[in-house]
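Under numbering that gives the first Met the number 0, the sequence shown is numbered contiguously, ending at residue 1161. Here's the structure, in structure tokens; my notes come after.
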Amino acid sequence: MIPRLFVHDPLISGICVPCSPQKPPLSPLAEMKKTIMSGSIRCSILLAGILGMAHAAPYGADGHQTRWTQPNGAVVQLRVFGDEYYGRTETPEGYTVVLDGKTYYYAILSRDGNSLIPSTTRADLPAPADLAQHLDLPKAAIGGLRQANHLKYDGDRAARWNAKVKAVRAVRDGAKAGGMSKAAAQAKAAPFIGNKKGLTILVQFPNDKNTAGPDPIDFPVSRSKIVRYCNEEGYVDNGNTGSVRDFFYDQSLGKLTYTQSVTQVITLPKARNYYNWADYPANTIHRADAGRVLLIDALKVLQDQNFDFSNLSVDAGTRAYATNIFFAGPDSGVWSQGLWPHQWNLLTPVNVGTTANPILISNYQITNIEDSAPVIGTFCHENGHLILDYPDLYDYDSPSEGVGDHCLMGGGSYNNGGRTPSPINAYFKDIAGWGNVTDIAPSQFKTVNLATTGNQAYRLSKPNEPTEYFIVENRGKGDKWAEYSVDKGIAIWHIDETVSGNNNEQMTEGLHYQVSLEQADGLFQLEAGRNRGDKNDLFDLITPTFNSNTLPDSKWWDGTDSQIEVKVLTGVGASTRVLLGSVPPDTILLDTPNGGETLFPGSTYPVTWRGNITGNVRIELMKGGALYSLIAPNEENDGNYNWKLAESLPKGDDYAVRIRSVTNTVPAVVTSLTSFEVTNATFPNDGEMPYGWFKPKSADRGWTVSKSQTYEGKRSLASKSLSDGAVAGIAYRSNFRAGQVGFYMKASTEGQFDHGRFYIDGVLRTLNGLKGLSGETEWLYFTFPVSAGTHTFMWTYEKDDTYGEAEDSVWIDGVSLPPGTQEISVRKPVDVEHVDGETTQHFAETAAGSSSEWQTYTIKNVGKAHLTGITLKLKGENAADFVIKQPAKKNLPGGATTTFKVKFAPKKSGIRTAGLRILSNDSDEGNFAIALQGSALGVPVIGVSLPADTPLTDNSGVTNFGFAVVKTTGKTRTFTIRNSGEATLSGLSISRGGLNKGDFQVGPLGSTSLAPGASTTFKVTFHPKKKNARRAVLHLASNDKQAGVFDINVSGTGAPKKKGKSVALAAAAPSSSFGIVEAVLGKQSTVDTTTTVEVIGGAKYLSLTVAKTGGVSPGTVEVSSNLLDWYSGTKHTTILVDDATTLKVRDNTPVTPESKRYIQLK
0 MIPRLFVHDP LISGICVPCS PQKPPLSPLA EMKKTIMSGS IRCSILLAGI
50 LGMAHAAPYG ADGHQTRWTQ PNGAVVQLRV FGDEYYGRTE TPEGYTVVLD
100 GKTYYYAILS RDGNSLIPST TRADLPAPAD LAQHLDLPKA AIGGLRQANH
150 LKYDGDRAAR WNAKVKAVRA VRDGAKAGGM SKAAAQAKAA PFIGNKKGLT
200 ILVQFPNDKN TAGPDPIDFP VSRSKIVRYC NEEGYVDNGN TGSVRDFFYD
250 QSLGKLTYTQ SVTQVITLPK ARNYYNWADY PANTIHRADA GRVLLIDALK
300 VLQDQNFDFS NLSVDAGTRA YATNIFFAGP DSGVWSQGLW PHQWNLLTPV
350 NVGTTANPIL ISNYQITNIE DSAPVIGTFC HENGHLILDY PDLYDYDSPS
400 EGVGDHCLMG GGSYNNGGRT PSPINAYFKD IAGWGNVTDI APSQFKTVNL
450 ATTGNQAYRL SKPNEPTEYF IVENRGKGDK WAEYSVDKGI AIWHIDETVS
500 GNNNEQMTEG LHYQVSLEQA DGLFQLEAGR NRGDKNDLFD LITPTFNSNT
550 LPDSKWWDGT DSQIEVKVLT GVGASTRVLL GSVPPDTILL DTPNGGETLF
600 PGSTYPVTWR GNITGNVRIE LMKGGALYSL IAPNEENDGN YNWKLAESLP
650 KGDDYAVRIR SVTNTVPAVV TSLTSFEVTN ATFPNDGEMP YGWFKPKSAD
700 RGWTVSKSQT YEGKRSLASK SLSDGAVAGI AYRSNFRAGQ VGFYMKASTE
750 GQFDHGRFYI DGVLRTLNGL KGLSGETEWL YFTFPVSAGT HTFMWTYEKD
800 DTYGEAEDSV WIDGVSLPPG TQEISVRKPV DVEHVDGETT QHFAETAAGS
850 SSEWQTYTIK NVGKAHLTGI TLKLKGENAA DFVIKQPAKK NLPGGATTTF
900 KVKFAPKKSG IRTAGLRILS NDSDEGNFAI ALQGSALGVP VIGVSLPADT
950 PLTDNSGVTN FGFAVVKTTG KTRTFTIRNS GEATLSGLSI SRGGLNKGDF
1000 QVGPLGSTSL APGASTTFKV TFHPKKKNAR RAVLHLASND KQAGVFDINV
1050 SGTGAPKKKG KSVALAAAAP SSSFGIVEAV LGKQSTVDTT TTVEVIGGAK
1100 YLSLTVAKTG GVSPGTVEVS SNLLDWYSGT KHTTILVDDA TTLKVRDNTP
1150 VTPESKRYIQ LK
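Structure below.
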């Protein structure tokens, strides 16, 4: 009897699954377990029954294929889901049907909802438009039917199994168990080993004389093939991995050789219809005892033929262990009626031996065979019942799956289409006497090499309660029967020998399985009935640890801490190194952070550990292998500390946490296994939606970048506003290496009804229980293992109604993804690939101050995942001597390309080097390095200054010579030329241009060639020929190619001669851009004067300070705007100082770009 699978995940499909009340759990983790597999779900559509799914056994995930001929001759193809305890029949389109008389009709629910009754539409016609698919009975009704059929068909098998388990335990403990003597226990616990022989009967049917034409049903395959199918060593016909004999021989390590005494194909005395119908030949009522009637007739035929039964193996009660019947042709087409495959027993055993040596035939299993390609899976499963009394490890009366496909006695008989049945679990092997199970006390702590072969396993039992324990075995590579198992890894079985079967999925102290598989992903999907096992169920290097702090945890069913630790230390293979036991004395084990995490300054992160020490602990932060800071100096050894990271904590990927004992007699210390990273806000980067993230088609709305709530940085992703009953979703799909996906989530929703959820490949993952995050929560961190391959991560906000004061939103932040399979390839030219850190780009010799030709590189993503965040950065002492053009594309899907450019633009001569870094999300070349090198040639650089320490700018501004009286000796200024370059400045020459170039006379150059750093001078004299403003340009030529001709703008003002008075002009302070600022003094004056510019209220004013001699004022200060009209007095000037030594007067009119001002002592 093999389990059915059950309904779709109700959280994904929207199907409503009612659940029975639960006993309150004893711990938060137990509460989480309970929530995962149960809980009422609000639905918009109320269903009177349950919509079942096409998951059943012993008929497999696709159901048992059969057919039925309607009275009108129409043939209806059918699929039956269930087992011999309950079955439901569907059309290929998924509509449930029931038989009424000899006609199948589409099914509907009865008025009370507890039975399926026929509708008015035949099953050979199209289904009514409003008919629901996969219609099934309520769980309670199904459970009642199953229990009744168990009582009918199982007989005393459960009692025999429980007695065997009790006896094995008594022998193991070396003491009496429940009043059983040691001798009695040893007899009852005797291993099932040696050569054992079962009976396999092959039958066909004669012609039915009561039908219109000849219709004998011949056996479709030769006896010799069935003999090989049952007994041949290395049988591989039709893709089978071995024969029935091979399977049990391998499972028992050769201790059991179980073969079949296969009869000849016998023809039964009656036609097929006789065995199928109770009222033959009217053929209107199916038999309820078809198997029994057929077996009794077959045994009589065999006895009449003197078949030798003497080699059959019998138990202590002389009962043959197993009788298997293959009958030719189709089954009845109606579940549990007529000739339908099943297992049962005879009311009165038939003795096929002698009176002195009886051989009693009673227990049997019967199935039809229609073709010549039988598979061994179901045969092995049923014989697990017949010869070993194994119970089924699937749930008879609820939507859970027991152990699923991980064991032959669950759903594993259908692995590889029934050709490669799953291995038997280590617990069952041990009870049969085939196991090599080593007992380890929970207080022990050891590392073992666990092999896939040899039936090797380790048992860790609850102290003083030997009926409860964990068994650990390796389901890795090397076992051909595990080749098609749903997962490879370390299997941890939680056993409770006091429980009968796997009917109670609640995972509470009072209600739980006899054999539970601890599913490494913590989703408890077997208990919830969401699958029959997947590739995340067993422990490996991705999910290596099982202890009291993990989910699932290692606590006993009563909630007490077992202190048991199981940790996978090496990759899963034919032999895997595993740590077993509890934390040793004087030892601390660190759980988080233990390497690979990403933490953020200012955030809170849980430091968790397990310590078998006395006293408190000291928690330290390490960086680069050295102590960086103290996290907690004297913390209680309770295994958890919420660490608030300092805002100022510098970024780095070389952090670790170290925990030390404070007062333990023997010092204990532990450090993170590998380093973790502390970084600033990384998600979402640059305040933009991450590249490649998208709104799923199934979602009504997407998510957006938000500032409203953040865990790290300034932004997070938030669900968009929703209407009632809608879903907001955001997803990312890529190809990953094995690793972890982690994120922080916060919710502000209507509690219990609106939820934030997370899915991997469409499978809901556990957040705060099965339903997800709901109500008002803080930021919570979640992490999940991810296998290598292509995966879709999806976050949703699923809304029911809007009530209360919540923000009606869900946020995610700090998302870290597993390393992707994106792979950067940098090429130049396009077909030449460069190696990270081993490429140098050499540039041609380039003159300093100029630039080389652009060099073009191609970036290609040769991986499968998106290559994102492509950015160029220059580093190094001479980084400023190189120029880059960023790639045209920052993100590349697999196979796509982009280009970037780099050139050499040196500012100084010599060998110039820098490093080019190509940043991306490539997991191992995310900082791709190319060295840059160029040789810069020295060049001359001309510079002109006036005075010698004040540089002039080429063709910028005006050098003002001030006033010079027309046709006098003029005014001379000296210019300095300096070569600030690294090559000889030569070819120096000066020419004049401009309207009044004749008014400016240029003297000879001191030198026409200057070495680097050398200088020379030349003089220019202003000889105005006319009055007013005079202008010109001096052109200074050289071999400085970058500067070209250096232009100096010059100007001056010609002043007329004054009649009767000789006037001399003295230059004042240099002008600003407002123009000429001069002080004009009489020639005969020997007075000491100073002209200054004062800024008052943002305006500039001229002032003249005069030093008095003998306390007498030397004259009157006057001002002018044109040098012709002069004014004095309080209207035009302000006396600032007038004492015995000083006269200081300020012009009342400011200097502006449009108005020049002059001041003098009259």
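For each residue, glycine too, the CB sits at the ideal point set by N, CA and C.
With DSSP run on the structure shown, which of helix, strand or coil describes residue i?
{"i": "T1148", "result": "coil"}
{"i": "T244", "result": "Note on residue identity: the sequence assigns Arg, not Thr, to residue 244. Here R244 sits in helix by DSSP."}
{"i": "V300", "result": "helix"}
{"i": "K970", "result": "strand"}
{"i": "W1125", "result": "strand"}
{"i": "N272", "result": "helix"}
{"i": "R171", "result": "helix"}
{"i": "H341", "result": "strand"}
{"i": "R531", "result": "coil"}
{"i": "W794", "result": "strand"}
{"i": "I612", "result": "coil"}
{"i": "V292", "result": "helix"}
{"i": "K643", "result": "strand"}
{"i": "V507", "result": "According to the sequence provided, residue 507 is Thr. The question's Val does not apply to it. T507 falls in the coil class under three-state DSSP."}
Residue i and residue j: beta carbons closer than 8 Å?
{"i": "G86", "j": "W334", "result": "yes"}
{"i": "N1247", "j": "T1141", "result": "Here the chain comprises residues numbered 0 to 1161, so residue 1247 is not present and cannot be evaluated."}
{"i": "V261", "j": "I295", "result": "no"}
{"i": "L1009", "j": "N978", "result": "yes"}
{"i": "I470", "j": "V436", "result": "yes"}
{"i": "D1162", "j": "H1034", "result": "Residue 1162 lies beyond the residue range present for the chain, which begins at 0 and ends at 1161; the question has no answer from this structure."}
{"i": "N414", "j": "D429", "result": "no"}
{"i": "V292", "j": "Y274", "result": "yes"}
{"i": "I858", "j": "D921", "result": "no"}
{"i": "K135", "j": "T95", "result": "Checking the sequence, you will find Asp at residue 135 rather than Lys. Yes, these two residues count as a Cβ contact at 8 Å."}
{"i": "A481", "j": "N454", "result": "no"}
Express the C-alpha separation of residue j and residue i in angstroms, rounding to a whole number.
{"i": "N230", "j": "V202", "result": "19 Å"}
{"i": "Y710", "j": "N679", "result": "11 Å"}
{"i": "E596", "j": "S747", "result": "27 Å"}
{"i": "E369", "j": "R78", "result": "16 Å"}
{"i": "K1161", "j": "H1131", "result": "14 Å"}
{"i": "G352", "j": "T210", "result": "38 Å"}
{"i": "L984", "j": "W853", "result": "29 Å"}
{"i": "P905", "j": "G914", "result": "15 Å"}
{"i": "D799", "j": "L525", "result": "27 Å"}
{"i": "H511", "j": "W555", "result": "12 Å"}
{"i": "L620", "j": "S180", "result": "60 Å"}
{"i": "P137", "j": "A321", "result": "35 Å"}
Per DSSP, which one or two residues make a beta bridge with residue i?
{"i": "H149", "result": "Note: H149 sits in no beta bridge, so no partner."}
{"i": "A1106", "result": "T1141"}
{"i": "T855", "result": "K900"}
{"i": "Q751", "result": "Answer is none; Q751 lacks a bridge partner."}
{"i": "K1099", "result": "V1094, V1150"}
{"i": "Q64", "result": "R78"}
{"i": "H1034", "result": "S990, D1046"}
Any contact of the stretch 719-734 with the stretch 694-709, i.e. 3+ C-beta pairs under 8 Å?
-> Taking 8 Å as the limit for Cβ pairs, the verdict is that the stretch 694-709 does touch the stretch 719-734.
Could you tell me whether the stretch 954-968 touches the stretch 904-918, using the rule of 3 or more Cβ pairs below 8 Å?
-> By the Cβ criterion, the stretch 954-968 is not in contact with the stretch 904-918, since fewer than three pairs of Cβ atoms, one from each stretch, lie closer than 8 Å.
With contact counted as at least three CB pairs below 8 Å, one residue from each stretch, are the stretch 639-646 and the stretch 600-613 in contact?
-> Yes: the two stretches touch, three or more of their Cβ pairs being nearer than 8 Å.
Do the stretch 832-841 and the stretch 780-793 meet, that is, are 3 or more Cβ pairs less than 8 Å apart?
-> Taking 8 Å as the limit for Cβ pairs, the verdict is that the stretch 780-793 does not touch the stretch 832-841.
Check whether the stretch 606-621 touches the stretch 579-594, counting contact only when three or more Cβ pairs, one atom from each stretch, lie closer than 8 Å.
-> Judged by Cβ distances under 8 Å, the stretch 606-621 makes contact with the stretch 579-594, as three or more pairs qualify.
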